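Chains A and B are the protein sequences, given in the same order.
Counting from 1, one number per residue, gives the positions in the first sequence under our numbering.
Counting from 1, one number per residue, gives the positions in the second sequence under our numbering.
Backbone N, C-alpha and C fix where the C-beta goes; we use that ideal spot for every residue, glycine too.
These figures come from a predicted structure and were not determined experimentally.
2 protein chains.
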Amino acid sequence: MFSKTHTKYIQSLHHKKFRDEYGVFIAEGTKVVVELLNADKFECKELFALPDWFVANAKILNNQNEIVKIELKDFELEKISALSTPNNVLGIFQKSTLPQTIQTKQKITLVLDAIQDPGNLGTIIRNADWFGVENIVCSLTCADIYNPKVVQSTMGSLGRVNVVYKDLPNWLAENKSVKKFAAYLDGSNVSTLKGIKEAILIIGNEGKGISEEVMNLVDEKITIKKIGKAESLNAAVASGIILSYLSN
Amino acid sequence: MFSKTHTKYIQSLHHKKFRDEYGVFIAEGTKVVVELLNADKFECKELFALPDWFVANAKILNNQNEIVKIELKDFELEKISALSTPNNVLGIFQKSTLPQTIQTKQKITLVLDAIQDPGNLGTIIRNADWFGVENIVCSLTCADIYNPKVVQSTMGSLGRVNVVYKDLPNWLAENKSVKKFAAYLDGSNVSTLKGIKEAILIIGNEGKGISEEVMNLVDEKITIKKIGKAESLNAAVASGIILSYLSN
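Given below as structure tokens:
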């Protein structure tokens, strides 16, 4: 039975404070929920869905007896949803106990310096998943990966990409031996990158770019050739373009 | 003096119906408002801002005597804003009378088939502005470029890129002589594109891709090499990556 207590609990999870307190987060929509169920990275605690959804997804839920499954009506889903147009399912998942150490040898690692827009952060995680980047290191000033808008815009990639939060200057100093590239308005043309197997790629804040402290640790600045007049590119687009050249 | 009538009028402009009826749209934040004021493409009718904003931007407003300037308090700005964190200025601009004919010779033209997320559409317009694409042709099923979220995510590029709405199959048939590329999951590697001076690049809907009717008119499918496991890339990211290769 769906209750007022459920509504209050789930609405509280729209806020980081309560996600941290309870150690869980919400994911919405068939695509995202099913990908997270399949990913085996986050334990699903509860599923709230329209009756039809449980019928249509019976196969996937077959071996998931430990999940509490609660049917609700669309107006109830609307109340607990963090989306402007609510979907047909909302899941509560346990946060992952993130690994403390990230291997950077023979890999491309993405580093985000104060990416604050949840949509951008989610889209960057999706980019990483597309280009085979296993690990993302976020500065402590980045948005929370468990923010519902981040989870939504990863389109399920959160289940496949590791994201850790670190003090960036310290972490970069610890990884001295790996070449560090940074997206910057004034650097080498991105098209000079090709078939690079080991690198750390740093993407900066949407408005302010990369902080000075981090910039001091960069080995090479990378620029996406501009032909028109826009002042900058969106951070998620820029990361996608650079990853594409790095891996081609 | 700021009145209840203003509040109602501006709130109505969050909806397409009223933007169409009044022929105007809203833009928020210094960056976007100033870029649109400078662009000379959209006539500014009214500016609603905190008193400090008018002082700080006095120079820009110097020769703009025909604009109605109204000071308001932050709680009043919050009421009329379409943003979750309102800025310090909101402008009402007249929609452009869009040109009917788009020149496609010796140019890269972007074609959008049912891009429905306003943030994606705005980011694609910003990409076009960065890569020097002058014109975007939207299907009639795309989001409205005057939606406040589109305007916001263009970051001012709306003032520099022409966007027209067309029946795509008809329009593409009229432009038979220009080679048509389409972003697709199964096609030539994007890295084979280089220094192309004339092309039509088609980007499809976020979920469904390119419609069959449009797909039938495509000359070459383009794929962004996938290494990981994400099912797809965000449409704005994909458009940015392809434009980057086309223009490099």
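Asked	Found
Kindly list, in the order they appear in chain B, the residues whose Cβ is closer than 7 Å to that of Ser191(A).	Asn248
For Asp129(A), decide whether its Cβ has a neighbour in chain B, counting only Cβ atoms nearer than 8 Å.	yes
Is there a C-beta anywhere in chain B that falls below 8 Å from the one on Lys26(A)?	Rather than Lys, the amino acid found at residue 26(A) in this sequence is Ile. Chain B contact via Cβ: absent.
Should Ala238(A) be labelled buried (16 or more other beta-carbon atoms within 10 Å of its own) or exposed?	buried
Please list, in chain order, the chain B residues whose beta carbon lies closer than 8 Å to that of Gly119(A).	Gly119
With a cut-off of 8 Å, do at least 3 Cβ pairs link the region 141-156 of chain B to the region 118-127 of chain B?	yes
Phe75(B) bridges to which residues according to DSSP?	According to DSSP, which records beta bridges pairwise, Phe75(B) is partnered with nothing at all.
Got a sec: is the Cβ-Cβ distance from Thr85(B) to anything in chain A below 8 Å?	no
Kindly identify the DSSP beta-bridge partner or partners of Leu61(B).	Beta-bridge pairing links Leu61(B) to no other residue.
If we require 4 or more residues per run, which alpha helix (DSSP H) segments fall completely within the region 71-126 of chain B?	74-80
Touch check for the region 1-12 of chain B and the region 223-242 of chain A: three-plus C-beta pairs under 8 Å?	no
What does Val164(A) pair with, by DSSP beta-bridge criteria?	Val137(A)
Run through chain B and tell me which residues come within less than 9 Å of Gly132(A), C-beta to C-beta.	Lys226, Ile227, Gly228 and Lys229
Which one of Glu174(B), Phe42(B) and Lys73(B) has the shortest CA to CA distance from Phe48(B)?	Lys73(B)
Quick one: does Leu13(B) have its CB under 8 Å from some CB of chain A?	no
Just confirm the distance between the C-beta atoms of Leu168(A) and Val111(A), as a whole number of angstroms; I'd bet it's less than 8 Å.	7 Å
Please compile the residues from chain A whose C-beta is within a distance smaller than 9 Å of the C-beta of Arg160(B).	Gly228, Lys229 and Ala230
Kindly indicate which residue of Cys44(B), Ala58(B) and Lys41(B) has the alpha-carbon position closest to the one of Leu50(B).	Ala58(B)
What is the rounded straight-line gap between the Cα of Ile67(B) and the Cα of Ala143(A)?	38 Å
Taking the beta carbon of Ala173(B) as the centre, do at least 16 other beta carbons fall within 10 Å, making it buried, or is it exposed?	exposed
Short of 6 Å in beta carbon distance, which residues of its chain neighbour Ser247(B), apart from the five on each side in sequence? Order them along the chain.	Phe131
I need the straight-line Cα distance from Leu36(A) to Val163(A), nearest angstrom please.	15 Å
With a threshold of 6 Å on Cβ separation, who are the neighbours of Gly29(A) within its own chain once the five nearest residues in sequence on each side are excluded?	Asn87
Select from Ala183(B), Leu77(B) and Glu43(B) the residue whose C-alpha is nearest the C-alpha of Asn65(B).	Glu43(B)
Answer yes or no: do Lys107(A) and Glu46(A) have a C-beta to C-beta separation smaller than 8 Å?	no
Starting from the Cα of Thr154(B), find the closest Cα among Asn234(A), Met1(A), Ser188(A) and Val218(A) and give me that residue.	Asn234(A)
So, using beta-carbon positions, are Gly292(B) and Ile26(B) closer together than 8 Å?	There is simply no residue 292(B) to check, as chain B begins at 1 and stops at 248 in what is shown.
Can you give me the Cβ contacts of Ala128(A) inside the same chain, cut-off strictly under 6 Å, excluding the 5 residues immediately before and after it?	Leu110, Ile136 and Val161
Suppose the cutoff is 8 Å on Cβ atoms and the five residues either side in sequence are ignored; what does the same chain contact list for Ile60(B) look like?	Val34, Leu37 and Asn38
At a CB distance below 7 Å, what residues from the region 236-247 of chain A approach chain B? Give them in sequence order.	Ala236, Val237, Gly240, Ile241, Ser244 and Ser247
For Thr30(A) and chain B, any beta-carbon pair shorter than 8 Å?	no
List, in order along the chain, the chain A residues whose C-beta lies closer than 7 Å to that of Thr123(B)?	Asn234 and Val237
Quick check on DSSP: helix, strand or coil for Tyr146(B)?	coil
Roughly how many whole angstroms lie between the Cα atoms of Leu140(B) and Ala114(B)?	7 Å
Could you tell me which residues DSSP puts in a beta bridge with Lys8(B)?	Beta-bridge pairing links Lys8(B) to no other residue.
Kindly list the residues whose CB is nearer than 8 Å to the CB of Ser81(B), restricted to its own chain and excluding five residues on each side of it in sequence; keep chain order.	Glu28, Asn87 and Leu90
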